[in-house]
Every structure is written in structure tokens, then in C-alpha cells.
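Since the structure comes first, as C-alpha cells, the remarks are kept for the end.
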Amino acid sequence: MADQKTEISKMIQDTIEDFDAKLRTLEEKVTSLEQKVSDCQADISVIQQETKMVYKINQKVQELEEGVKVGKEAAQSDIGRIEEGFRKELTDKDQQIDELKKTIKSLKNQFAEVESAFR
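Structure (C-alpha cells):
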């Protein structure tokens, strides 16, 4: 009977040691998982900050694109006014040239009349 008690005690002791080993293994795994969770939370925090920065950058890009669009429209309007001014100026110059040609022709005719009067 003493052998049975010793054997049972030994089995109980082995079972306790086995459970203790398994418990330590589980505790190590829990610690490892807790560290991984902590690392993931830190990564999430960084990603959230970067996401906010990307959002702000996108807003700024949209503002700049709108500014470029407005500037481009204003420039096109200015170019249109400048072109219209040049067209008007060219038309005015063409009219002045035509008037000068008529004046020159008239002066030539008058000169020819004066010249023939002297002959």
C-alpha cells in the first residue's frame, strides 16, 4: 500500500509539475501576445497620425488645385482681353495705313497737277 501511495503521490507530483510547466508556457504566450497587442496599438496610433496628415495634405492639394483653376481662368480672361486689344490696335493701324495711302495718292495727284501746271 505504501508503494501505491508513493506511486499516487509521484503521479500527483508529476501532474502538478506538468500543469505548472503548461501554466508557465501559457503565461509566456500571454505576455508575448500582450506585447504584440501593444506593438499593434502603437502602429495603429502612427497610422492614424499619418492618415490625418494625408487628409490635411489632400485638403491642401484641393485648395491649390482650385487656386490654379481660378488663376488659369483669370489668365485666360486676361489673354482674351490682350488679344482683343491687339486686334483692335491692328485694325486701327490698318485703317491709319489705308488713310495714309489715300493721303499719299492724293498728294501724288496734287503734285502731278502742280508739276503739269509748271510745264
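The working numbering puts the first residue of the sequence shown at 41, with every later residue one more than the last. Where a beta carbon is used, it is the ideal one built from N, C-alpha and C, also for glycine.
Could you tell me the boundaries of the alpha helix (DSSP H) in which residue i lies?
i: Arg159; result: Here Arg159 belongs to no alpha helix (DSSP H), and DSSP marks it neither H nor E.
Give the secondary structure of residue i by DSSP, where H, G and I count as helix, E and B as strand, and everything else as coil.
i: Met93; result: helix
i: Met41; result: coil
Near residue i, which residues of its chain fall below 6 Å by C-beta distance, leaving aside the five closest residues on each side in sequence?
i: Glu123; result: none
So, at 7 Å on beta carbons, what are the nonlocal neighbours of residue i in its own chain, with the 5 sequence-adjacent residues on each side left out?
i: Ser78; result: none
Less than 8 Å between CB atoms is the rule here; does residue i satisfy it with respect to chain B?
i: Gln75; result: Of the protein chains in this structure there is only one, and it is not chain B.
Closer than 8 Å by C-beta to residue i: which residues in its own chain qualify, once you throw out the five before and the five after it? Chain order, please.
i: Gln135; result: none
i: Ile49; result: Here residue 49 is Ser; the residue named in the question, Ile, does not match the sequence. Answer for Ser49: no residue qualifies.
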